[in-house]
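A short write-up of the structure that comes next.
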Amino acid sequence: MVAQTVTAGSPPVNNSYLVLYNISWEMYEQLLEVFAEHSVPRMTYYKGTLELMTPLPEHERYSWTLGRLIVALSEELGMEIMGLKSTTWRSQPQAVGKEADECFYIQNEPLMRGKLKIDLTVDPPPDLAIEIDTTHSSIDKMQVYFELKVPEIWRWKNENLIINILTNTGYIESKKSLAFASFSIKELARFMQPDSEKGENARMREFRLWVRSIIQ
């Protein structure tokens, strides 16, 4: 391992993440290998800056719920999808890397079906990624996704579901999803909120019934 000077940023109040500066691509890849079998920390790399994040329960609950809603919606619409959860996506030429909160192949699912190893130099990025914004980040995650050319990002921020679509210059907010073009995705937000009277599975059953009432 080549020695290098690493600078650490001030830790946040909630201690959920740590930022390191002057991190080479080689060191980033070595850290990915070291933590390959661990669910934490989650890493985001952007041109020499590395953020290590330990997800809080709020973050994980929203991520899990939105992922379940996407799976349920695809099933009710008769669509095939391929979920890759928090896979690490990276591009050495762009010097970026990101572990998505959840991600899916949808439009490109037939192309990627059955693949266990994915190489972004020849394979497309996921069609849809989820980004749960519940804490401050020192790295612009949308810029990382832009460098990776992920076509669509669903962001959960301030109790709102925001759809962002890739353009040549960045992401723009949209009322429509590319992956689920015929469906009003923003309506999913009301199924995201925790309910002390209903369990998670009960909410999913209610969501499926609602989807069926829309598409019939």
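The UniProt record's numbering numbers the first residue of the sequence shown as 1 and each following residue consecutively.
All C-beta atoms, glycine included, are put in the ideal place defined by N, C-alpha and C.
Q: Starting from the C-beta of A179, find all residues in its chain whose C-beta is less than 7 Å away, skip the five residues before and the five after it, and write them out in chain order.
A: As a working mapping, residue 179 is identified with position 179 in the sequence shown. Once the five neighbours on either side are set aside, the close Cβ partners of A179 are I106, Q107, D127, L128 and E152.
Q) Would DSSP call P12 helix, strand or coil? A) As a first step, residue 12 must be located in the sequence shown, where it is residue number 12. Confidence in P12 is poor, its pLDDT being 46 and thus under 50, which makes the residue's placement unreliable; the coordinate value appears in the next sentence. It is coil, neither helix nor strand.
Q) Whole-angstrom Cβ separation of V96 and L148, contact assumed at under 8 Å? A) Residue 96 sits at position 96 when you count from the first residue of the sequence shown. Residue 148 sits at position 148 when you count from the first residue of the sequence shown. Yes, V96 and L148 are in contact; Cβ-Cβ is about 6 Å, under 8 Å.
**Q.** A3, buried or exposed, once every other Cβ within 10 Å from all chains shown has been counted against 16
**A.** By one-based count along the sequence shown, residue 3 stands at place 3. Since pLDDT at A3 reaches only 47, below the 50 mark, its modelled position is unreliable, and the value read off the structure follows with that caveat. It is exposed - the Cβ of A3 has fewer than 16 other Cβ atoms within 10 Å.
**Q.** Nearest residue (CA-CA) to residue 260, options F104, D195 and P124
**A.** Nothing about residue 260 can be reported from this structure: the residues present for the chain run from 1 to 216 only.
(Q) Checking 9 Å against the spacing of the C-beta atoms, do E131 and R113 come in under that value? (A) Locating residue 131 in the sequence shown gives position 131, where the first residue counts as 1. Locating residue 113 in the sequence shown gives position 113, where the first residue counts as 1. Their beta carbons are not under 9 Å apart, which means E131 does not touch R113 by this criterion.
Q: Following the continuous alpha helix (DSSP H) through L209, name the residue where it begins and the one where it ends.
A: Here the question's residue 209 lines up with position 209 in the sequence shown. Start and end: E200 to I215.
Q | Cβ shell of R90 (< 6 Å), same chain only, five flanking positions each side left out | A | Against the sequence shown, residue 90 aligns to sequence position 90. Result list for R90: G97, in chain order.
(Q) Shorter than 8 Å, the distance from the beta carbon of G67 to the closest heavy atom of the ligand SAH, or not? (A) Among the components of this structure there are no ligands whatsoever, and the ligand SAH is therefore not found.
Q | At least 3 beta-carbon pairs within less than 8 Å: the stretch 58-72 vs the stretch 22-36 | A | no
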